[in-house]
Every structure is written in structure tokens, then in C-alpha cells.
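First residue of the sequence shown: 4, per the working numbering; consecutive thereafter. Cβ coordinates follow ideal geometry from the N, Cα and C atoms, glycine included.
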Amino acid sequence: MKTSKPEKAEYAQLGLSLLKIMVLAGIAGILAEIALLVYQDHVAREQVSEAYIFISKVKSPITKFFTGNGIWPTKDQFNSLQPAQDNKYVSTITPVILTSGFQVTATFKKNVGVSTNLVNSTIVLATKNGQEWICDDLSITEIGGTISTTPSKYRPENCQ
């Protein structure tokens, strides 16, 4: 049995046309962009979580100081209570005595490794009495504090 060569019309149906290849490349590009955005959001959330854990370490020493002295610590006293002022993502921790409580603000670094969505943004913890700590914007403004500048979608659920 002899096999014949395919005709020209049959060759056209064997592969993908340029248009089909361009459509597939476009779809692949869109999917890659979506995946990149999802990944960047995930990285930002992880970095905010790590910064939140880091700043949360100040709660206990400040509570003990306030309970023992009846006043909030000054910046120098705070620095002695919390010697580590930075970590992988946080450049500074700043204490502020409020009219109705105490606030601690962590500022994200502006270097490679920190999500571009977080550079120079802040996450804030505050307390009225040293016992209950808050980080959501409404509660913080109610006691005279400043709100976090980190987009709420990256913050822990209780801090939004």
C-alpha cells in the first residue's frame, strides 16, 4: 500500500495558525500577571504578619511598666524595655503617649525584600489601659491615635 503526500490544504490543518499562537500567548500572559499579583499580595500579607508579631512583643513590657508605675513609658524608657527596634521588614518602632492611652508604630523598611506595597507604611498597636491592645483603625482613632498606613487587605483580620 502506497502512502501519498498530504496536499497543501491538509498541511494548513496540521499546525497552529499564527493567530491561534498569539491568542494562546495572550492568555498565558494574562494568567501569569494574575498569578504574579496574587503572589505579591501573599508576600505582603506574610511580611505584615511577621511585623505584627514583632511589634506585639512590646505589649507585655509596656503593660508591666504601666501597671508598676501608673504612667506610660517615655521614649528612653521604651527603648530600654524594647531593645530590638528593627527586624527584617521593620525599620523603626516608635512609641507615642496619647491623651487616652499609648501607641506603638512600626514603620516598614524601604529596601529590597520588602514588598513595594508596604515600603514606608506603618502598622499600629494601641491601648487605653495596658491590658487590651487594639490595632483596627476605628478603635485607634477613638483613643486619639493615628491609624496604620498599611493597606487593610494586608493586615491581620483583627487589624482591618
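Item: Which residue wins for smallest C-alpha separation from Asn90, given the options Thr102, Val117, Gly71, Pro154?; Value: Val117
Item: My output table needs one value for Leu128: the three-state DSSP class, helix, strand or coil.; Value: strand
Item: Please classify Thr130 as buried or exposed, where buried requires at least 16 other C-beta atoms within 10 Å of its C-beta.; Value: buried
Item: Considering only the beta carbon of each residue, do Ser103 and Gly147 sit closer than 8 Å?; Value: yes
Item: Whole angstroms are fine: how far does the CA of His45 sit from the CA of Lys67?; Value: 35 Å
Item: Give the C-beta separation of Asn161 and Asp139 to the nearest angstrom, bearing in mind that I take them to be a contact with Cβ-Cβ under 8 Å.; Value: 7 Å
Item: Kindly provide the ranges of any alpha helix (DSSP H) runs that are 4 or more residues long and lie completely inside the region 36-84, ordered along the chain.; Value: 62-72, 78-84
Item: To the nearest angstrom, how far is the alpha carbon of Ile150 from that of Gln80?; Value: 24 Å
Item: When the Cα atoms are used, what is the spatial distance from Thr70 to Leu84?; Value: 14 Å
Item: From the DSSP output, which residues share a beta bridge with Ile100?; Value: Phe105
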